[in-house]
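Take a look at the structure set out below.
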Amino acid sequence: MNFIPYYYESIDRNAILVRPKKPYYDWMAQVFTDTEDITEMEEHNIYLIREMDNNEDVKKWIKKNFDQLFGNELNDWNTDESMWPAPRTYKMFCEWFDIEIHSMILDLEETPVTKE
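My numbering puts the last residue of the sequence shown at 119; the count rises by one with no breaks.
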């Protein structure tokens, strides 16, 4: 059996996947009291940042910029910032979200990447 290697173009970014945990869902239940509780989402946001040499550098970036990520996650469900928890700290961010860091972003498509 001949193995045919596939070579895909990589994108010069690191990916940060943000996965909500129970405190986030508890906040959603407080904000949306008239809907059925959401305990897990099928999809999660992935943020692309400039490519860094190692995961420790990405973790430093996250620690420095956590409130941008936190704010976007809250804004996905409620644009009224007065309903957002405050103050938001890095410790709180870590309690509310699991983070995955990925360095290999491979583009499997021939069409150009577009931003909306």
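Beta carbons: idealized from backbone N, C-alpha and C, even for Gly.
Let me know the secondary structure DSSP gives residue i once reduced to three states.
i: D70; result: helix
i: N48; result: strand
i: E119; result: coil
i: P88; result: coil
i: W80; result: coil
i: D37; result: coil
Can you tell me which residues form a DSSP beta bridge with residue i?
i: D110; result: E12
i: E103; result: L20
i: R53; result: R16
Is residue i buried or exposed, if buried means 16 or more other CB atoms sit within 10 Å of its CB?
i: V21; result: buried
i: V61; result: buried
i: F73; result: buried
i: N58; result: exposed
i: F69; result: buried
i: F35; result: exposed
Which residue from the options puts its Cα closest to that of residue i?
i: K67; options: D79, L77 and I52; result: I52
i: D79; options: T117, E98, N48 and C97; result: N48
i: K118; options: Y50, T82, I104 and D56; result: Y50
Between residue i and residue j, which are expected to be in contact by the criterion C-beta below 8 Å, what is the C-beta distance as a whole number of angstroms?
i: W30; j: P88; result: 6 Å
i: E76; j: P23; result: 7 Å
i: A32; j: I108; result: Not confirmed; about 34 Å, so no contact.
i: D110; j: Y11; result: 6 Å
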